[in-house]
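Going by my numbering, the first residue of the sequence shown is number 5, and it counts up by one from there.
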Amino acid sequence: MKVGFIGTGSMGSLLIYALIQSGALEPRQIAASNRTPSKVRQLSLRYPGLHESQSNRETVIRSNIIFLCVKPLEFKHVIDDILPVVNPNHIIVSITSPVQLRHLESSLPCKVSKVIPSVTHQVGSGASLCIHGERMTSEDRAVLESLLSHIGRPYQVDEACTRITSDFSSCGPAFISFFLEQWIESAVKLTGIKRADACALAGEMLLGTGKLLTEGGYTPQELQARVAVPGGITAQALALLKVSLDGVFDNLIHTTHDKYDEDLLKLDELFRAGEINRQQY
Numbered sequence: 005m006k007v008g009f010i011g012t013g014s015m016g017s018l019l020i021y022a023l024i025q026s027g028a029l030e031p032r033q034i035a036a037s038n039r040t041p042s043k044v045r046q047l048s049l050r051y052p053g054l055h056e057s058q059s060n061r062e063t064v065i066r067s068n069i070i071f072l073c074v075k076p077l078e079f080k081h082v083i084d085d086i087l088p089v090v091n092p093n094h095i096i097v098s099i100t101s102p103v104q105l106r107h108l109e110s111s112l113p114c115k116v117s118k119v120i121p122s123v124t125h126q127v128g129s130g131a132s133l134c135i136h137g138e139r140m141t142s143e144d145r146a147v148l149e150s151l152l153s154h155i156g157r158p159y160q161v162d163e164a165c166t167r168i169t170s171d172f173s174s175c176g177p178a179f180i181s182f183f184l185e186q187w188i189e190s191a192v193k194l195t196g197i198k199r200a201d202a203c204a205l206a207g208e209m210l211l212g213t214g215k216l217l218t219e220g221g222y223t224p225q226e227l228q229a230r231v232a233v234p235g236g237i238t239a240q241a242l243a244l245l246k247v248s249l250d251g252v253f254d255n256l257i258h259t260t261h262d263k264y265d266e267d268l269l270k271l272d273e274l275f276r277a278g279e280i281n282r283q284q285y
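Okay, here's the thing in structure tokens:
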């Protein structure tokens, strides 16, 4: 298997690291390209054997599966660039949530999927959200998901739920970290606990909570009931949080969805313009 990466920024480089670190791929199986060549050079020095492509087209030619790790509004330009060297057997994978399968399938002659990764793959955990195009056979899906299973849990979702599932799996680590940061800062300020101790305890707590929810059979509601003794400290604090956070998560979801809809509208315009141009010529 040969795997290509177009775009080696934050998430592209993380996926390369995770796939190599997990043993899913050897560096010699990877080709990568970036509009800033020095970024790929750094990767090739870090992972001897990784092929430093001189163009996006070279990455495609050398690969069976190609991950497009670029910003949403860069997709149309990248697709137009690589189109002449894409063949029907290629599997092209978008890791960007607003880019729709219909955008990819209408512009490319190959098999396409959308995979939304998570920063948690850096430690071999978390969910990879998988949305497969119509040209992907069951064998193709199995190959892609087998690769992803080395760095987390492949989780098939409906494209209509891309944004909300991404809120949990992809944005969630930042949201939870923000909550913990605020909690830790207050703890340090009001009690004098060392920040390092608070961070360590918070991390262990979060790890254990995740295991209880994924392996222990608890739902969030059941876990609260398990910890919060009626009339106790935890129950009183939960009552405070319920009042203080009223409406916060509605606003959070509205915010992420509004941004998603804004990006989707821009992408529709870009791909529609491209379709018009093809028809004219």
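Where is the CB? At the ideal position from N, CA and C, for every residue including glycine.
When we look at the beta-carbon of residue i and count the other beta-carbons within 10 Å, is it buried (16 or more) or exposed?
i: Ile34; result: buried
i: Asn38; result: buried
i: Phe275; result: buried
i: Gly207; result: exposed
i: Cys134; result: buried
i: Asn255; result: exposed
i: Asn60; result: buried
i: Gly11; result: buried
i: Asp250; result: exposed
i: Arg167; result: buried
i: Leu151; result: buried
i: Tyr285; result: Here Tyr285 scores only 46 on pLDDT, less than 50, and its place in the model is too uncertain to base an answer on.
i: Asp262; result: exposed
i: Leu245; result: exposed
i: Ala164; result: exposed
i: Leu194; result: exposed
i: Ser42; result: exposed
i: Ser111; result: buried
i: Leu105; result: buried
Alpha carbon to alpha carbon, how far is residue j from residue i? Give it in angstroms, no decimals.
i: Thr141; j: Gly214; result: 33 Å
i: Glu138; j: Leu108; result: 11 Å
i: Asp162; j: Leu269; result: 19 Å
i: His94; j: Thr169; result: 27 Å
i: Leu242; j: Pro224; result: 13 Å
i: Val64; j: Gly212; result: 41 Å
i: Thr260; j: Val103; result: 15 Å
i: Gln186; j: Gln228; result: 21 Å
i: Thr40; j: Gly27; result: 27 Å
i: Val97; j: Ala200; result: 39 Å
i: Glu273; j: His81; result: 13 Å
i: Ser117; j: Ala178; result: 25 Å
i: Ala202; j: Glu56; result: 42 Å
i: Arg45; j: Leu29; result: 19 Å
i: Gln240; j: Glu189; result: 21 Å
i: His258; j: Ser173; result: 17 Å
i: Val90; j: Cys175; result: 32 Å
i: Ala277; j: Gly13; result: 27 Å
i: Ser48; j: Gln160; result: 32 Å
i: Gly236; j: Glu149; result: 45 Å
i: Gly220; j: Glu62; result: 47 Å
Taking the alpha helix (DSSP H) that residue i falls in, what are its first and last residues?
i: Ala206; result: 199 to 218
i: Phe79; result: 79 to 86
i: Ser117; result: Unbroken run through Ser117 is the beta strand (DSSP E), 115 to 120; no alpha helix (DSSP H).
i: Ser37; result: No alpha helix (DSSP H) holds Ser37; the beta strand (DSSP E) holding it covers 34 to 37.
i: Val147; result: 142 to 152
i: Ala232; result: Taken as a continuous stretch (DSSP letters only), Ala232 belongs to no alpha helix (DSSP H), as it is neither H nor E.
i: Lys43; result: 41 to 50
i: Asn60; result: 60 to 65
i: Thr169; result: 166 to 170
Report yes if the CB atom of residue i is closer than 7 Å to the CB atom of residue j, and no otherwise.
i: Phe79; j: Phe9; result: no
i: Ser181; j: Gly156; result: no
i: Ser101; j: Ile83; result: no
i: Ser67; j: Val147; result: no
i: Leu115; j: Asp85; result: The amino acid occupying residue 115 in the given sequence is Lys; Leu does not appear at that position. No, these two residues do not count as a Cβ contact at 7 Å.
i: Pro113; j: Pro92; result: yes
i: Phe16; j: Arg32; result: The amino acid occupying residue 16 in the given sequence is Gly; Phe does not appear at that position. No; because the gap between Cβ atoms is not below 7 Å, this pair is not in contact.
i: Val247; j: Thr238; result: no
i: Ile197; j: Ala204; result: no
I need the boundaries of the beta strand (DSSP E) containing residue i, first residue and last residue.
i: Pro177; result: Taken as a continuous stretch (DSSP letters only), Pro177 belongs to no beta strand (DSSP E), being part of the alpha helix (DSSP H) at 176 to 195.
i: Ser98; result: 95 to 98
i: Ser248; result: Note, Ser248: premise wrong, no beta strand (DSSP E); alpha helix (DSSP H) at 237 to 248.
i: Leu133; result: 131 to 136
i: Arg157; result: 157 to 160
i: Gly11; result: That residue, Gly11, is in no beta strand (DSSP E); it is neither H nor E in DSSP.
i: Leu72; result: 69 to 72
Closer than 8 Å is the cut-off here; do at least three beta carbon pairs connect the segment 20 to 35 with the segment 117 to 136?
yes
Is it true that the segment 254 to 274 meets the segment 59 to 77, where meeting means three or more beta-carbon pairs spaced less than 8 Å apart?
yes
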